[in-house]
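The structure under discussion appears below in the form of structure tokens.
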Amino acid sequence: MDETTVLIVWVILLPFVGAMVAFILGPRKAPIVTIITSYCIISVVAALTWQVWKYGPQRHDVGGWVAPLGIALYADGLTVLMLIMSIVVGTLVSVYALGYFTDSSISSETGKANHRSKSSFFWVLWLFLWAALNALFLSQDIFNIYITLELLTLAAVALITLEGESEAITAAIRYLLTSLVGAALFLFGVAILYANFGTLELEGLGELVQTGSLSVVAIALITMGLLLKTALFPMHFWLPPAHSNALTPVSSLLSALVIKGSFYVLLRLWFQVFPLEVTMVAGHLIGCLAAAAILWGSLAAMCQKRLKILVAYSTVAQVGYLFLLFPLAAKETHGLGAWNGAIYQTISHACAKAAMFMVVGNIIRAIGHDRIKDMKGVCQQLPVSMFAFALAGLTIMGMPPSGGFAAKWMLITTSIQSGQWWWAVILLAGGLLAAGYIFSVLKYAFIKTEIVNVPLRPVPRCMEWAPLILSLLALLIGFTPMPLDLLRIGNPFPDAVTMEVVK
Amino acid sequence: MNTDFMNIVAGHDVTWLMAIAMPLIMVPIVLKVRLGSFGVLIVPIAAAPSFILSICAAPGLEVYISWLLLGMRFGIDETSGAFLLFTSILWTVSGVYARCYLFSDKDINRFFAFFLVAMAGNFGLILAQEMVSFYLFFTTMSFAAFGLIIHDASSKARRAGKVYIALVVVGEVLMVAGILLIAGNVESFAFNDVRSGIVASPNCNIIIGLLFAGFGVKAGVLPLHIWLPVAHPVAPTPASAVLSGAMIKAGLIGWMRFLPLGEIALPWWGILCVIIGLAAAFYGVFVGLVQRNPKTVLAYSSISQMGFMTVAIGVGLAVPDAVPLVMTAIMFYAIHHSLAKGALFLGVGVLKDAGGTGFQRLLLFAGLLFPALSLSCAPLTSGALAKLTLKNLLYTTTMPWLAVFISLASVGTTLIMGRFLYLMWKNAGKTKSSPRFGLWLPWTLLLICVIFVTWLYVPDKRLSLLMKTVSLNALWPVATGTFLVWAVLQWGNKMSVINKIPQIPSGDLLVFFEPIVQRLRGDWKTNIGLVFSWPQNVLAGRLGSKGNNFVHKEKMEWMKRWHSALNCFIFKQVSTFVGKVEMQFICLSNAGMLIIILVIIFFFLLTIP
Amino acid sequence: MNLESYFPLLVLLTSLLTGISIFFLDEKRSALRILLNISGSAAMFAFVIFMLWGVFHGHNYETRWSLLPGINIALRADSMAILFATLSAFLWLITSIYAIGYLEITPHRNRFFGFFSLSVSATMGIALANNLFTFFIFYEILTLTTYPLVVHQGTEKALRAGRIYIMYTFCGGAVLLIGIVWLYTLTGPFDFVEGGALRRFGEERRVALVVIFFLMILGVGVKSALVPLHGWLPTAMIAPAPVSALLHAVAVVKAGAFGIVRIVYDVYGIRFAEELNVLGPLAVLASVTIIYGSCRALYQVNLKRLLAFSTISQVSYIALGVAIVGPLATTGGLVHLIHQGIMKITLFFCAGNLSKTLHIHDINQMNGVAWRMPLTMTAFTITSLGMIGVPPLAGFVTKWYLGIGAVQANQQWVIAVLAVSSLLNAIYFLPIIYVSWFKKYEENQPEEHISGKLETRWTLLLPPLITAFLSLAAGLLAASNLSPLGWAKLIVRREYLP
Amino acid sequence: METMSLKIFYSLTSIALFGIGMYALFAYAHLLRKILAVNIMFTGISLFLVATAQRSSDSNLDPIPLALVITGIVVLVSATAFAIMMVCKLCEKTGMTQLPDEDR
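Chains as they are written, first to last, in the numbering used here: chain A, 1 to 503; chain B, 504 to 1112; chain C, 1113 to 1610; chain D, 1611 to 1714.
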């Protein structure tokens, strides 16, 4: 058993090793190392996927130590899907970054040196982040999850600071402090759980946890901490500055992957560990916050004058969609559709949002700023990018045919099935508001302009095509039920009518 | 000719189609070719198939062409044979006449195009044996006639055209409504089924009303006659001839075809028709007498004459048994009136610019006098025959005293003819040059037809009928009329009152309608327009107080439509709000998020069991 | 897995691939673009005609693949689909020719023609969709692909029109989505069935089904411009003439109307809908729209805006025909799908010709213009008479069937609506015909020099002539089996038989 | 009994520490104070974990909480170091030692 499941360890180990190697080899070799590493990860994850597909959920106790002392790694359909998502986004972000960090137009020596150091740190930190992310997805141990969350945060904050300007640092500090508070809340919850039940392993916890005031406090603390990290309204305050002030590839990673990490943990905990302790009211409370997030984020996005912040606020809104899962799945009979929908949304949003940030990066590269008002004529010079933006916009708006639509379809279906039609209304309103801000940008692709006198800087081809591929992927997810087949493996709602603890 | 051959010819689809299609085939030719001497032949050629058909085809013959429109059925019965004959004669003659009349007109090609289309429509509607094709040809004719009326593009012609087309459209709409109401309940659209269908329909009265009014527009029935006196004088003379002679009968045919004559007694409709008809007969005379334009006078005469036919229809509606007689009476009356009226109109044209030398002038007036007398039902004329049949018809009913009214109206007809002749005498062309050959020849031909054609349809005992027309009963109205005319001329010349008669403007009732319509149009654009754009008005607080804008102008500008209002609402109001609160959030990260987080934790503690 | 089952997909891909390949062309290679466009549309037309032949002979063309568990994308060519598909394919061909002439030497032609083809694929998808889910997907794609066409000119006005268009159609889409999802949650996924898929539902769920019906009608009503939802259509007139032609005659408006047809016949089934008493309100709504559109058209000065309001009015004939129970009214409604298409597209082509050749946009500039452009105005005259409902043109056949259908269903008030509508149509169309033929042509109007004998480019002239001729032929030869009427009767037979 | 009350005492202390830390985090603008506040919060949690090491009065100490505390400290130290780095950088760039009140 161990011989085969040891694959799981490599998923985590590979990016770590890659990060080390990249750090040692220096800025010139780092991109190549990253590419090689991602190839390796792809092949390992492919093998893992095959295993999960074939034999069901995989579990590996690191070093042969079983709980409570050992660290367990676990991969089921959801895990694998998340791994694949991070691979897709990560690889394409890497490709994008290849172009992003080879800016031939910087002339001064210091500028070049500065740029090079940024570049080298980016690759290392990104691999580090990837490792943390993979570890997070695979962890089957609540304390381990805490550790990986922290690693993730640290890597993310460090990536934000790469930008170097004071705004970025401010945003990074704010992000760091916030997520430290979140981590503290989470850890406190973990401590309480351990104090009560004496185990950290998720499976064991799930079996042991009983309804009681202490476990409730623990769950509340954990949920709170994770909500802070996932930036659910009104705890989203740190997100727009952080995401909009970072370098473009970093923004893509943050929006697409990092917030999904904490969301994933929340999913695991709520639906696989404490399903019995979760009630309608708690779910509805989160649902209200989610609805507020959708509306608020969209409205705020509409009001923005800079494109990058607009996209960042769009993330705030989209996070809301994810959390609609909680009220919908709380009504026990209809959990599956909501579960599938939310995960679809997670994946398609990751692809689409990463693509959007990349396009914004291209525009900034081309004209040096991202003021929406002054974008006339630019978009027509970057047709591929604009097209990618439009396609990604489709997913964000939830227009067919796209992954976003499939997600929305499932969520709406569930909400109506479970008699909670108001969430459907919120979902649709969110889509319409999203159309509002997406089209306020898209229209610039069509504005008639006199001769463009803005000198455009060239945008490397890989920077144009990476977002296009990503947005196409976001679109194509809507065409196949493949992810759902994967999800069925180890799904907390295994076609059963009532919610059960997964054994 | 071999009758078998004729039957074969008449029984073939192609012949029937040719009767209608021939004029249409000529249209492109007319439009593209300069009309040289060949032009004279165009209309006769176009009308030839119909003419042949009207003579050859035995009554009762029908063909069904399934692939056209909704399936077309053509056929000929007794009445339609007669109608086709006089119609084709009139169109042919007028066509030949028009070639000369409009010789120097640069738009002659356009004229002929419309002329031919209208002609095709007219033939088609006579031949049609089911209502869809009838409606098709009726419409074709009506719309094409518009081109004839406004031909000279003067302001008068344009006004006439407007009035005409407005009424045509109204008529069409009424008609189509009626037809549709019928069509939903009948097995086939053939007229026999249609008539029984109307009777069976729950909306019987509505249908009859709609159809009566719809065809009434064309037939010039009383309140809908207003286009006639406006249109006839302004149209080129040959056009007036066919309008008044042939096309006006289309309405009549419509009535005959659709109204359930003989199916069921509809006394109220019958009485209504008789009243309207008699009213038209007298009204036409009274208004016509004070007109100064000879063609207008003729137009009013047509209204008056159509009144007689309306009376006949009314009798047919009221007394089903009388229907065969009604048909005969109408047939005679239609033939007689259309040819005579056509001749009169053409005569006006002949005399318009050339009075002729002394003898010629005399001849010409004799030529005018003849159809005039015929219309006044002088003995031995077709008019007398027509009136005789009409009166005979009335004697069979329970209201024989109606015949008195007919006779009285005949006096009026004589008067109006006197008025016409007087006006012609005064206004005829001042030049002494002889009239053009191309004008008087067709006119003469038509005059000959006026004399003979009606008698073709008297089955037998022609002579005895001829004699009957000389009876006192037939004579007194025309004699009285002539006397009155003479008296008025004598007396009037002395007192010179003829020219002091107050003139009723042509189109009488139109004078009242026109301003109303115009007012409506004007108001439509302002008031109704405002009502239809209510959202912006409501938003701008503008409804009910036009011009009194108590809302600031700029606001009105952006509140124009609800979407922009919505936009403004979202973007202007909310954006500032959202922006501010968002700032607050970011500030709170320094100091106040604690409270929010703690409150939320508190809630969680409450909600999780 | 025989070839037949791929046919609907093939049709869709024809225009899709054409569109995509046009995007990748160099802007300057207009000859290649024209070739692509024409060959694509011709190929699609050929496919559709082939399918038409097949459907007539009872073949079954169906493509289906699973999108979500239980939720399929299904494309199937049934007789109703073929009706709409043939119209779209044919008018795409015609409009392509027209657009090539219309947009000569203007910028962004790649973008235009690309999205043009894409929107045609979306329309085809709507036509061939065999369940509500598929219908909805293509319905939304249509919105997205037509947006670039509406804002093509890129002016402030065009963008505003685009914004309004998007607002209306997305809101409509959202409502439609709710309706569909709700229905699916009640019934589970289902395909369109001739005669109605929901017939098995009896009295239970009655209220929900009624509400769903109106939600869905509201959703598709936005595109078919039913009255309170019509606001986008007149403003969208800012788009170039081929777009207006496409929007009004084929794609957007028709998609909405076709949606109504599908919902009433193949989802609810006419009998079941009648039982639910939902058709009455629909008929009233359609009637109000008919009258309202005509009334608004009365006082328009801009020719294209007038035509837009006329469209609002005319398209509701389809809804009206659908809302009246009975085979004849249904025939009328269905056949108007085609008739209104060919007539309205002609009118827009003509309006486009006037603006392109003589820069005439308003009615009061049209004095005597018919003598300057006789062929164009002949086409215009024929079709506008058809709109009024003058026989033997196509519009008459529609009105005829609607009218007698209404009488059969014992709803005589519809006749009044038809009559008033005809009257109003006459009031706003006849003056145009009048001034253009009978008033003096003013020579001082700005005039574009056109080389050659024709009044304008042949690419601009040919399409309206063809469609005008067809609208004449569709009426004149209505009784034959090959006419739109014949096909509509075939559909009706299939809808009412079960 | 004694261990039980001791446990409660530790727990309450740790909660108090956590609360104080949180309060300080939000109450003070200076970034170093904020960082220290976070440290205090984590200290509170550590105390709690340590207190749970003795699961029952008679059994041996549970080693795992200690491992957790140590790991937590490692994480915290690195985070603190990183935060301080950033504060230095911010100070270098803008001369400020606190987060600006956002007013862009």
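Ideal Cβ placement from N, Cα and C applies to all residues, glycine included. It should be emphasised that the depicted structure is a prediction, and the values quoted were computed from it without experimental measurement.
- With at least 16 other beta carbons inside 10 angstroms of its own, C/T1495 counts as buried.
- As summarised for the region 399-457 of chain A, there are no continuous beta strand (DSSP E) elements at least 3 residues long confined to that stretch.
- The beta carbon of C/L1388 sits closer than 8 Å to those of R1318, L1321, V1322, F1325 and Y1380, all from its chain and outside the five residues before and after it, given in chain order.
- The beta carbon of D/V1685 sits closer than 8 Å to some beta carbon of chain A.
- Interface with chain D (8 Å Cβ-Cβ cutoff): A/F188 is included.
- At least one CB of chain B lies nearer than 8 Å to the CB of A/L299.
- Sequence-ordered contacts of the region 1436-1464 of chain C with chain B read L1440 [C-beta pairs closer than 8 Å].
- Within the same chain, and ignoring the five residues on either side of B/G915 in sequence, the residues whose Cβ sits closer than 6 Å to its Cβ are V788.
- In the structure shown, C/L1536 falls within a helical segment according to DSSP collapsed to helix, strand and coil.
- Distance from the CA of C/K1335 to the CA of C/A1590, rounded to the nearest whole angstrom, comes to 28 Å.
- Less than 8 Å divides the Cβ of A/V44 from the Cβ of A/V11.
- Put simply, the CB of A/C379 is far from chain B, with every gap to its CB atoms at 8 Å or more.
- In this structure the region 1135-1155 of chain C lies against the region 1204-1214 of chain C, because at least three pairs of beta carbons, one per stretch, are closer than 8 Å.
- Counting along the chain, no beta strand (DSSP E) covers A/E201, and no H or E run does either.
- Here DSSP, grouped into helix, strand and coil, assigns B/S657 to coil.
- Only residues of its own chain outside the window of five on either side were considered, and among them L1487 and A1491 have a CB closer than 7 Å to the CB of C/L1577, listed in chain order.
- In terms of Cα proximity to A/L473, the closest of A/R461, A/A392 and A/I286 is A/A392.
- Here A/V66 carries a coil assignment [DSSP, helix/strand/coil].
- Assigned with DSSP and collapsed to three states, B/Y567 falls in strand.
- Secondary structure of C/N1172 (DSSP, three-state): coil.
- Taking 7 Å as the upper bound on Cβ-Cβ separation, chain D lies near residues S166, I169, T170, A172, I173, R174, L176, L177, L180 and V181 of the region 165-182 of chain A.
- When Cβ-Cβ separations below 8 Å define contact, A/G287 makes no contact with chain C.
- Here the region 424-436 of chain A makes contact with the region 291-304 of chain A; the two share three or more CB pairs at distances below 8 Å.
- Contact check between the region 1602-1609 of chain C and the region 1651-1664 of chain D: fewer than three CB pairs, one atom from each, fall below 8 Å, which does not count as touching.
- The beta carbon of A/A184 falls within 8 Å of a beta carbon belonging to chain D, placing the residue at that interface.
- Beyond the five residues adjoining it in sequence on each side, C/Y1540 comes within less than 8 Å, by CB distance, of S1406, A1409, L1410, Q1412, L1418 and S1422 in the same chain, given in chain order.
- When Cβ pairs closer than 8 Å are counted between the two stretches, the region 748-763 of chain B is seen not to touch the region 878-889 of chain B, the count staying below three.
- Cβ-Cβ separation between B/L842 and B/G748: approximately 7 Å, consistent with a contact (criterion under 8 Å).
- With 16 or more neighbouring CB atoms inside 10 Å of its own CB, B/H840 falls in the buried class.
- Taking each of C/T1443, C/F1304 and C/H1451 in turn and checking the Cα distance to C/V1362, the smallest one comes out for C/H1451.
- Residue pairing by DSSP leaves A/E109 without any beta bridge partner.
- C/F1550 reaches chain B at I653 and A656, counting residues in chain order whose Cβ is nearer than 7 Å.
- When the beta-carbon positions are compared, C/V1339 and C/T1281 stay at least 8 Å from each other.
- C/S1592 reaches chain B at S569, W570 and L571, counting residues in chain order whose Cβ is nearer than 9 Å.
- The Cβ atoms of C/I1372 and C/I1430 sit closer than 8 Å to each other.
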